[in-house]
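J.: Chains as they are written, first to last, in our numbering: chain A, 577 to 727; chain B, 921 to 1038.
First, the structure itself, so that you have it in front of you.
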Ligand SMILES: Nc1ncnc2c1ncn2[C@@H]1O[C@H](COP(=O)(O)OP(=O)(O)OP(=O)(O)O)[C@@H](O)[C@H]1O
Ligand SMILES: [Mg+2]
């Protein structure tokens, strides 16, 4: 269902820096974007999927890479979430996408992360997902959520 | 039932947002892994966990949780409680362990919750 505020969705860009081992920016940026989407009158399901992708993707940068950026583009037809880092890269992306696969350290697991569910979760919440990664160079993750109702 | 009933059933102590205990509860999710929660949890669910760090609160907000119950007598530090108070997320702590909490809630009509996007 399209409501009025939705029809007039402007183009919005939100950018966040993810610092080294900054385990808090993921939650903060997810909350910030959530608020913006709520103000735009987006459907709750869309808001939640966006928040989950942001949270998991930014958390992966903070945990597995050293630092990076998170960008969120809100357009009338699509929400794009992009994280970029210059971390170690992912040697076997197919393996990394498997539920339960994680290289998280013991300390990180003690905080409640490292279930190996982040990437599968992102995949489930996005309509399009593209991960560009190179060992020793870094990882760029692009997720899209389409706003026009699926038939 | 509402959060006040949950407090009674679990013999819990309310840590913040005492004024929000009228919220209705029908489902619950118990887990100590954040991604697991994010993957499965529907909005407006009660979370039961032994994690007490600030991440659990961020995650709870991301998933629009109703409230969080900490088991085994665990309690987060004051800053976490303060932040939760500000964002309107009720927190409780109980001495009971996770299995007992889930059993008691289930006996009283609370059910699990699964949401799948396809
Ligand atoms: N940005 C990244 N840079 C390098 N490696 C990554 C990155 N993102 C993910 N990985 C690798 O992929 C694995 C799986 O990621 P995934 O998010 O599914 O699980 P996790 O982060 O280990 O645990 P969880 O997300 O459940 O807390 C990680 O353990 C890590 O080895
Ligand atoms: Mg992850």
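We put the CB at the ideal spot given by N, CA and C, even for glycine.
Please list, in chain order, all residues of the same chain as residue 950 of chain B whose beta carbon is under 6 Å from its beta carbon, the five residues on each side excluded.
T.: 968, 1018, 1022
J.: Is there at least one Cβ from chain A nearer than 8 Å to residue 971 of chain B's Cβ?
T.: yes
J.: Counting pairs of Cβ atoms below 8 Å between the stretch 596 to 608 of chain A and the stretch 656 to 667 of chain A, do you hit three or more?
T.: no
J.: Check the Cβ of residue 599 of chain A against every Cβ in chain B and list those closer than 7 Å, keeping chain order.
T.: By Cβ distance, chain B contributes 975.
J.: State the Cα-Cα distance for the pair residue 727 of chain A and residue 619 of chain A, rounded to the nearest angstrom.
T.: Bear in mind that the predicted position of residue 727 of chain A carries a pLDDT of just 41, short of 50, making it unreliable; the figure below should be weighed with that in mind. Cα to Cα, residue 727 of chain A sits roughly 16 Å from residue 619 of chain A.
J.: State the Cα-Cα distance for the pair residue 994 of chain B and residue 932 of chain B, rounded to the nearest angstrom.
T.: Computed Cα separation, rounded: 11 Å.
J.: Assign residue 544 of chain A to buried or exposed, taking buried as 16 or more other Cβ atoms, counted over all protein chains shown, within 10 Å of its Cβ.
T.: Because chain A in this structure spans residues 577 to 727, residue 544 of chain A falls outside the shown range and cannot be described.
J.: Hey, which unbroken runs of the alpha helix (DSSP H) at 4 residues or more fall wholly within the stretch 620 to 648 of chain A?
T.: 620 to 640
J.: Just the C-alpha distance for residue 943 of chain B and residue 924 of chain B, rounded to the nearest angstrom, thanks.
T.: 8 Å
J.: Hey, out of A:687, A:648, A:707, A:629, whose CA is closest to residue 694 of chain A's CA?
T.: Closest in alpha carbon position to residue 694 of chain A, among A:687, A:648, A:707, A:629, is A:629.
J.: Pull the bridge partners of residue 1012 of chain B from the DSSP assignment, please.
T.: B:934, B:989
J.: Between residue 1002 of chain B and residue 1009 of chain B, what straight-line distance do the alpha-carbon atoms span, to the nearest angstrom?
T.: Cα-Cα distance, rounded: 10 Å.
J.: So which of A:711, A:635, A:701, A:685 has the shortest CA-CA distance to residue 593 of chain A?
T.: A:635
J.: Tell me which residue opens and which closes the alpha helix (DSSP H) that residue 695 of chain A is part of.
T.: From DSSP, the alpha helix (DSSP H) with residue 695 of chain A extends over 694 to 701.
J.: Got a sec: which bits of the stretch 637 to 655 of chain A sit with their beta carbon under 9 Å from any beta carbon on chain B, in order along the chain?
T.: none
J.: Output the distance between the C-alpha atoms of residue 673 of chain A and residue 595 of chain A, rounded to the nearest integer angstrom.
T.: 24 Å
J.: In whole angstroms, give me the CA-to-CA distance for residue 730 of chain A and residue 709 of chain A.
T.: Missing from the structure shown is residue 730 of chain A; chain A here goes from 577 to 727 and no further.
J.: Could you tell me the boundaries of the beta strand (DSSP E) in which residue 710 of chain A lies?
T.: Here the beta strand (DSSP E) through residue 710 of chain A covers 704 to 710.
J.: Report the neighbours of residue 681 of chain A on chain B: residues whose CB is nearer than 7 Å to its CB, in chain order.
T.: Residues of chain B passing the Cβ test: none, with the nearest at roughly 15 Å.
J.: Of all the options B:938, B:1030, B:1028, B:960, which has the alpha carbon lying nearest to the alpha carbon of residue 1006 of chain B?
T.: B:938
J.: Within 10 Å of its beta-carbon, does residue 936 of chain B have 16 or more other beta-carbons around it, so buried, or fewer, so exposed?
T.: buried
J.: Does at least one heavy atom of ligand 2 sit under 7 Å from the Cβ of residue 642 of chain A?
T.: no
J.: Just to check, is the beta-carbon of residue 635 of chain A closer than 7 Å to a non-hydrogen atom of ligand 2?
T.: yes
J.: Counting only the same chain and skipping the five closest in sequence on each side, list residues whose C-beta sits under 7 Å from that of residue 945 of chain B.
T.: The residues are 921, 922, 923, 926, 966, 986, 1030.
J.: In the DSSP assignment, the beta strand (DSSP E) including residue 955 of chain B goes from what residue to what residue?
T.: Segment 954 to 960 is the alpha helix (DSSP H) holding residue 955 of chain B; no beta strand (DSSP E) there.
J.: Grouping DSSP H, G and I as helix and E and B as strand, with all else coil, what is residue 714 of chain A?
T.: DSSP places residue 714 of chain A in strand when its eight states are reduced to three.
J.: Short of 8 Å in beta carbon distance, which residues of its chain neighbour residue 930 of chain B, apart from the five on each side in sequence? Order them along the chain.
T.: 989, 1012, 1014, 1016, 1021, 1024, 1025
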